[in-house]
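The numbers in our numbering rise by one with no breaks, and the one at position 315 of the sequence shown is 330. All C-beta atoms, glycine included, are put in the ideal place defined by N, C-alpha and C. Encoded as structure tokens, the structure appears first; notes follow it.
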Amino acid sequence: MSRKASDNVEYTLRSLSNLMGEKKRRKQEEGAGERSLIAPAESCSSLNSQGPPEGASASAGDLERAARRQFQQDVTPAFVYVVSAFSALGGFLFGYDTGVVSGAMLLLKREMQLSALWQELLVSSTVGAAALSALAGGVLNGALGRRACILLASLFFIAGAVLLAAARGKESLLGGRVVVGLGIGIASMTVPVYIAEAAPPHLRGRLVTINTLFITGGQFFAAVVDGAFSYLPRNGWRYMFGLSAVPAILQFFGFLFLPESPRWLIQKGQTQKARRVLSQIRGNQNIDEEYDSIKNSIDEEEKEAGGGGPVIYRMLVYPPTRRALLLGCGLQMFQQLAGINTVMYYSATILQMSGVNDDSLAIWLAAVTAFTNFSFTLVGVWLVEKLGRRKLTLGSLTGTTMALIVLALGFLLSAQVSPPVTFTPSDPSAQNSTCTKYSYCNGCMLDPNCGFCYKLNGSNVVESSCIPVDAETTERSAWGRCKNESTSKSEGSFWAYNYCPTSYAWTTLAGLILYLVFFAPGMGPMPWTVNSEIYPLWARSTGNACSSGVNWVFNVLISLTFLHTAQYLTYYGAFFLYAGFAAVGLVFIYGCLPETKGKKLEEIESLFENRLCTCGASDSDEGRYIEYIRVKGSNYHLSDNDASDVE
């Protein structure tokens with residue numbers, strides 16, 4: 016391709032934001048003019064030799080910095096950040112409502128005498144409802160629009176919080192968790208799309224990543240709330256659940272005054288309203304080119320897609336969207352297979368498994384891991400437009416794989432120094448329990464029917480036994496010295512269910528923190544960011560609905576099978592398995608994920624013209640060109656970001 020700019024034209028700083036429109040007009044008026052399309056490897060020396068013209072009053076560096084500042088001011092009004100912040104409250108509620116249940120469950124299972132089945136139902140019902148509503152969200156987004164879906168999600172969050180805070184029994188708790196799950200599913204697939212369609216290209220990745228920052232912020236806030244209310248003997252869980260209504264109400268009333276996505280409005284033929292919204296979110300930038308680009312892109316996409324049949328069918332038969340869908344679903348699948356929600360849902364449990372025997376301490380240590388997740392997601396917000404999506408995701412998943420191996424080695428080390436069973440009391444029930452066959456705590460811990468009763472002599476475990484757990488609660492043994500809590504404390508006996516006493520608990524905490532340090536900046540936000548970008552407008556709602564549904568399905572799969580996986584493969588075996596999944600995901604992402612940084616949404620479809628396994632090579636430097644334009648007599652180099660913004 017060839018692009019022409021007249022050599023004798025001096026572009027002012029004010030005209031940079033409207034550069035492409037100016038270039039098109041001049042091309043039409045003047046025809047072929049002088050052009051400079053300079054390949055970096057061949058022509059840099061000739062450019063450098065030209066130097067600035069005589070009389071230039073400012074250095075090229077000063078002008079470049081000034082031009083960049085003016086460019087950013089033109090395309091980034093404060094309203095874009097307001098829209099993104101109110102949208103991302105959906106992410107905060109997503110994080111809060113999925114994170115708060117871990118601490119609330121410690122209080123609920125005592126107050127309502129919840130069985131293991133009901134505990135699993137209260138956790139998994141939310142995830143299952145989210146999976147269903149995420150899939151339905153594609154139809155709702157296409158029919159109602161992004162704004163209406165976010166308002167609907169806010170109503171679900173408010174209603175769910177009220178139901179949970181006022182619950183009188185486990186059935187009403189279950190109903191409240193299902194309602195919250197419906198809101199989570201709709202928000203999870205709508206918010207990234209809305210932000211991506213409102214954001215300018217050079218900030219799109221950063222603003223979409225803010226949604227994930229709010230998700231992790233919600234999880235951290237939930238962990239702090241859990242810790243604060245864990246000391247209330249009764250009804251503390253009501254405050255934990257009820258507080259989520261506050262941000263939901265704020266988002267609902269905020270969105271009553273925020274606009275619909277301009278791309279959705281254009282798709283629905285509401286062109287004048289779309290122009291008003293574009294003017295509102297683009298500030299003083301000329302919107303004619305962007306409006307024309309979106310409209311032309313929609314027209315071309317509908318022609319290429321055939322214009323008939325269900326959207327999912329059209330996506331599957333049209334090669335670029337089929338490849339994009341496979342990539343988007345693959346990213347979401349490997350995010351979950353890398354074990355993130357095992358770490359987040361079971362962080363307190365994992366810490367207990369590693370030897371932390373105090374509930375409150377385990378909750379606060381889990382809050383430390385949630386804070387790590389939040390902090391390093393903030394790092395991802397800073398890095399996404401510097402490194403790009405591809406490099407950030409590859410680096411993140413590489414580190415995540417290594418951290419999972421560290422976690423596995425920590426559990427392996429604890430298993431190798433597992434305390435032996437040194438005392439076998441007689442069974443008063445005269446039944447042959449399987450618990451008596453275990454010689455070490457590690458085997459006893461992996462059996463859900465058994466617990467470890469022991470005493471401490473300094474730091475040494477003595478008089479240790481593997482005893483059947485009580486049928487009603489895992490808080491005590493079925494018989495023996497750990498049957499009665501007050502008696503066992505007076506005798507200096509301790510009851511350990513699902514963990515073994517060890518001095519290596521710090522290795523697990525270190526592994527969890529290392530895991531989140533690597534996962535949070537890349538694999539946490541990038542699947543959502545990339546999915547918000549890679550689909551053409553006619554397929555965007557359905558594509559995000561499908562990929563979000565895949566995320567929630569694998570979320571359910573991993574979170575519901577973790578304890579059973581640990582039972583059959585051991586805890587270190589489970590984390591070695593997740594490390595293997597992450598390694599496979601690394602190969603997939605290396606081959607299939609192209610770089611989308613700085614590109615307009617309407618330009619990204621071309622990245623999927625080639626076969627899927629070659630898409631990852633589309634960010635190669637080969638064949639790239641650098642264009643220099645004249646700014647007040649100096650050469651101003653348009654970077655990839657700038658070029659994509661103005662062209």
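Check	Outcome
Does the beta-carbon distance from VAL432 to THR517 come in below 9 Å?	yes
Apart from the five residues just before and just after VAL476, which ones in its own chain have a Cβ nearer than 6 Å to its Cβ?	PRO434, TYR469 and PRO516
What residues in its chain sit with their C-beta under 7 Å from that of THR392, if we drop five residues either side in the sequence?	THR227, LEU228, THR231, ALA535, PRO536, GLY539 and PRO540
What are the start and end residues of each continuous alpha helix (DSSP H) run of 4 or more residues lying completely inside the region 544-601, in chain order?	552-584
For the alpha helix (DSSP H) containing THR406, list its first residue and its last residue.	First, the residue type needs correcting, since residue 406 is Lys and not Thr in the sequence shown. Per DSSP, LYS406 belongs to the alpha helix (DSSP H) from 404-431.
Mapping the DSSP letters down to three states, classify TYR519 as helix, strand or coil.	coil
Are there three or more Cβ pairs, one per stretch, closer than 8 Å when the region 199-210 is compared with the region 103-111?	yes
Rounded to whole angstroms, how far is the Cβ of ALA594 from the Cβ of ILE420, which I believe are closer than 8 Å?	5 Å
Heavy atom of the ligand PLP less than 8 Å from the Cβ of PRO542, yes or no?	The ligand PLP is not part of the structure shown, which contains no ligands of any sort.
Identify every run of the beta strand (DSSP E) within the region 472-547, keeping only runs that are complete inside it and at least 3 residues long; order them along the chain.	475-483 and 508-511
Whole angstroms is fine: what's the gap from LEU265's alpha carbon to LEU273's?	13 Å
With 16 as the cutoff for other CB atoms within 10 Å, does THR585 come out buried or exposed?	buried
Applying the 10 Å Cβ sphere with the 16-neighbour rule, what's the burial state of LEU601?	buried
In chain order, what residues of the same chain lie with their CB nearer than 8 Å to the CB of LEU402, ignoring the 5 residues before and after it?	GLY410
Please report how far the alpha carbon of LYS38 lies from the alpha carbon of TYR333, in whole angstroms.	In this prediction, LYS38 scores a pLDDT of 45, lower than 50, which makes its location untrustworthy; the coordinate-derived value is nonetheless stated afterwards. Looking at the two C-alpha atoms, the distance is approximately 33 Å.
Starting from the Cα of ALA525, find the closest Cα among TRP567, THR384 and GLY507 and give me that residue.	THR384
Buried or exposed, going by whether 16 or more other CB atoms sit within 10 Å of the CB of TRP521?	exposed
Which complete alpha helix (DSSP H) runs does the region 83-136 hold, if anything under 4 residues is left out?	93-126
Could you check whether ALA418 and VAL532 sit closer than 9 Å to each other, using their CB atoms as the reference points?	yes
Rank GLU624, ARG626, LYS615 and ASN625 by C-alpha distance to the C-alpha of SER312 and give the top, closest one.	LYS615
Which residue wins for smallest C-alpha separation from GLY11, given the options ARG253, PRO92 and TRP279?	In the structure as shown, the chain starts at 16 and stops at 662, and residue 11 therefore has no counterpart that could be examined.
How many angstroms separate the CA atom of ALA163 from the CA atom of ASN156?	8 Å
Restricting to Cα atoms, I'd like to know which of VAL394, LEU293, GLY425 and MET460 is closest to VAL436.	MET460
Short check: CB of CYS497 to CB of CYS456, under 9 Å?	no
Mind checking whether LEU147 and SER245 have CB atoms under 9 Å apart?	no
Quick one, are the C-beta atoms of ALA238 and PHE386 less than 9 Å apart?	yes
Quick check on DSSP: helix, strand or coil for TYR455?	strand
Go to THR231, then tell me how far its alpha helix (DSSP H) extends in each direction, as first and last residue.	219-244
Exposed or buried, which one is ARG219 when buried takes at least 16 other CB atoms within 10 Å?	buried
Start and end of the alpha helix (DSSP H) containing ARG253?	251-257
What three-state label does DSSP hand LEU147 in the structure shown?	helix
Quick one: is SER562 buried, meaning 16 or more other Cβ sit within 10 Å of its Cβ, or exposed?	buried
Could you tell me whether the Cβ atoms of ARG404 and GLU610 are closer together than 9 Å?	yes
With DSSP as the reference, please indicate the residues paired to CYS468 in a beta bridge.	SER480 and TRP510
Given a cut-off of 9 Å on the beta-carbon distance, is the pair ALA554 and ARG329 in contact?	yes
If you run the structure through DSSP and keep just helix, strand and coil, what is PRO443?	coil
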